[in-house]
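**Student:**
In the numbering used here, the protein residues as written are 43 to 172.
1) When you compare each of 50, 122, 116 and 61 to residue 107 by their alpha carbons, which one comes out closest?
2) What are the complete beta strand (DSSP E) segments, minimum 3 residues, inside the stretch 76–135?
3) Looking only at its chain, what residues have a beta carbon closer than 6 Å to the beta carbon of residue 64, apart from the 5 residues adjacent to it on each side?
4) Which residue marks the beginning of the alpha helix (DSSP H) containing residue 50, and which one marks its end?
5) Do the CB positions of residue 60 and residue 76 come within less than 7 Å of each other?
6) Output the distance between the C-alpha atoms of residue 92 and residue 57, rounded to the nearest integer angstrom.
7) Buried or exposed for residue 114, going by 16 or more other Cβ atoms inside 10 Å?
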């Protein structure tokens with residue numbers, strides 16, 4: 043299927059038409075050369091697209107964010123799309139550690155006492171905005 047998609051380009055169609063026309067007028071050598079070049083171009087195009095798709099998939103896998111989560115009393119590392127309501131997300135930087143509690147996919151309750159010495163936590167809505 044991907045091989046046939048290589049022939050949708052306008053210039054490829056023009057080359058195929060030129061091969062047919064030169065074949066009709068008896069110039070078989072030119073016709074064969076044009077067809078061989080077009081077929082080689084299609085084969086190379088399929089391989090290049092396959093390699094590009096592999097590279098994109100590898101980049102997606104590498105860029106998939108992970109979160110350290112306390113779930114059922116155990117700290118585990120999960121991909122961010124596997125977080126569920128009730129997970130305690132562990133956040134840390136070089137200086138501070140804290141945790142947040144996920145209420146739903148768009149809100150988080152964060153314990154900010156460690157950050158700025160507050161006595162209460164704070165909640166944030168609308169994380170889908172970012």
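The C-beta atom is built at its ideal place from N, Cα and C for all residues, glycine as well.
**Tutor:** The answer reads as follows:
1) Closest option to residue 107, judged by alpha-carbon separation, among 50, 122, 116 and 61: 122.
2) DSSP runs (the beta strand (DSSP E)) wholly in the stretch 76–135: 108–113, 116–121 and 130–134.
3) Closer than 6 Å at Cβ, skipping near neighbours: 72 and 73.
4) Counting along the chain, residue 50 falls outside any alpha helix (DSSP H), and DSSP gives it neither H nor E.
5) Contact flag set, yes.
6) Cα to Cα, the separation comes out at about 24 Å.
7) Classification of residue 114: exposed, given that the 10 Å Cβ count is below 16.
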